[in-house]
DNA sequence: GTCAATGCAAATCGTTTGCATGAAC
DNA sequence: GTTCATGCAAACGATTTGCATTGAC
């Protein structure tokens, strides 16, 4: 298989985590790295089938791959109430979410003051932060 | 059935929402009003069986009751990643959560600055807030 | 050639639903 | 007596697992 530069990067990235390089892992990782959005396992499978119709990936492989990629910190996940677990590109800057209950759109925002305040709160309680997640639910400007 | 004062309150509370007063609803509401913690449906059922061994409540009733109580704003819920949906006493002041990944303890905190900042962010984007939830994951002082 | 990764189907978990019975009003 | 709430079991959607086959190394 001839590798273009993105594929070579994916291969290195995957192997650098001590994982075997497979087409399925590369495809799933590529989709997440290229995507700006938040995708769940089902949506990822739909993109795979759309973008690589000749490839047949099972849903179990999607779940297994997502778990490995997350453990290796190549992607990250958040749980949105009813929407289930969604994954995104880990290289994006940390951000929080405004979630519209009507149209389902997720708007991202970054606020340095809130981040700083969280760190302060954790420090005061001798709590070691690994990650955090914040969601504001309501109606976006198009839906009210 | 002779009603003590708590039971009378529960009865009024439930009927004030236009719901029929049943033993099951009273028990579930009482557990949540008395509890400081965050309980999921399964944990509630376990408390019921422990506290009222003579009563047989089905899991379906627990889910149905929780939904009604939440719609009526008598209790509120949050979704914690793996832990699923958890319910708590709605009368408590709004608060956010520090969640220890090792021992599972949930520590609450309240921060007016963060709340204010969230409102500001929503206002800037013409987003109407209905609710929000924030979780910080990591290790608490007993677990590191 | 060895061992890990895959696809498939079955299993599991949390939650919801249909329906006949029982309780609240 | 009417209507709503319950318990049970079946149904459900999302995720996980067992196992034989395939592919990476």
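Residue numbers (the working numbering), protein chains in the order written: chain A, 1 to 144; chain B, 1001 to 1144. No residue lacks a Cβ here, since even glycine has one placed at the ideal position from N, Cα and C.
Worksheet item: Are the beta-carbon atoms belonging to residue 1038 of chain B and residue 1088 of chain B less than 7 Å from one another?
Response: yes
Worksheet item: Taking one C-beta from the region 59-77 of chain A and one from the region 12-26 of chain A each time, how about it: are there three or more such pairs within less than 8 Å?
Response: yes
Worksheet item: Using 7 Å as the limit for Cβ to Cβ distance, is residue 144 of chain A near chain B?
Response: yes
Practice prompt. Quick one: grab the DSSP three-state call for residue 143 of chain A.
Written response: helix
Worksheet item: What residues in its chain sit with their C-beta under 6 Å from that of residue 15 of chain A, if we drop five residues either side in the sequence?
Response: 21
Fill in: Positions along the region 43-68 of chain A whose CB lies within less than 8 Å of some CB in chain B
none
Practice prompt. Buried or exposed for residue 112 of chain A, please, with buried defined as at least 16 other CB atoms from any protein chain shown within 10 angstroms of its CB.
Written response: exposed
Worksheet entry | Partner residues on chain B for residue 107 of chain A, Cβ-Cβ distance less than 9 Å | 1125 and 1127
Worksheet item: Looking at the structure shown, is residue 113 of chain A part of a helix, part of a strand, or coil, going by DSSP?
Response: helix
Worksheet item: Should residue 1099 of chain B and residue 1106 of chain B be called a contact, given that it needs their Cβ atoms to be closer than 7 Å?
Response: yes
Worksheet item: Considering only residues of the same chain and omitting the five flanking positions on each side of residue 135 of chain A, which have a CB-CB separation below 6 Å?
Response: 97 and 99
Item to complete: In angstroms with no decimal places, state the Cα-to-Cα distance between residue 11 of chain A and residue 1078 of chain B.
Response: 39 Å
Worksheet item: Per DSSP, which one or two residues make a beta bridge with residue 133 of chain A?
Response: B:1135
Fill in: Buried/exposed call for residue 86 of chain A, threshold 16 Cβ in 10 Å
buried
Worksheet item: Can you find a CB in chain A that lies within less than 7 Å of the CB of residue 1121 of chain B?
Response: yes
Discussion item. DSSP three-state label for residue 126 of chain A, please.
Written reply: coil
Worksheet item: What does a CB cutoff of less than 6 Å around residue 13 of chain A pick up in its chain, not counting 5 residues either side in sequence?
Response: none
Discussion item. For residue 1106 of chain B, list the residues DSSP reports as bridge partners.
Written reply: B:1099
Discussion item. Does chain A have any CB closer than 7 Å to the CB of residue 1001 of chain B?
Written reply: Its pLDDT being 42, under 50, residue 1001 of chain B is placed unreliably in this model, and the coordinates cannot settle the point.
Worksheet item: Do we get a CB-CB distance below 7 Å when we pair residue 18 of chain A with the residues of chain B?
Response: no
Worksheet item: Do you know whose CA, among B:1117, B:1126, B:1125 and B:1143, lies nearest residue 128 of chain A's CA?
Response: B:1143
Discussion item. Nearest by alpha-carbon distance to residue 18 of chain A: which of A:114, A:50, A:123 and A:71 is it?
Written reply: A:71
Discussion item. Cβ closer than 7 Å: which chain B residues qualify as neighbours of residue 117 of chain A?
Written reply: 1111, 1113 and 1114
Worksheet entry | Residue environment, residue 133 of chain A, which counts as buried when at least 16 other CB atoms sit within 10 Å | buried
Discussion item. Rounding to the nearest angstrom, what Cα-Cα distance links residue 123 of chain A and residue 1118 of chain B in this structure?
Written reply: 21 Å
Worksheet item: Would you say residue 14 of chain A faces chain B, with C-beta separation under 7 Å as the test?
Response: no
Fill in: Opposing strand residues paired with residue 1039 of chain B [DSSP bridges]
B:1087
Worksheet entry | Cβ pair residue 57 of chain A, residue 47 of chain A closer than 7 Å | no
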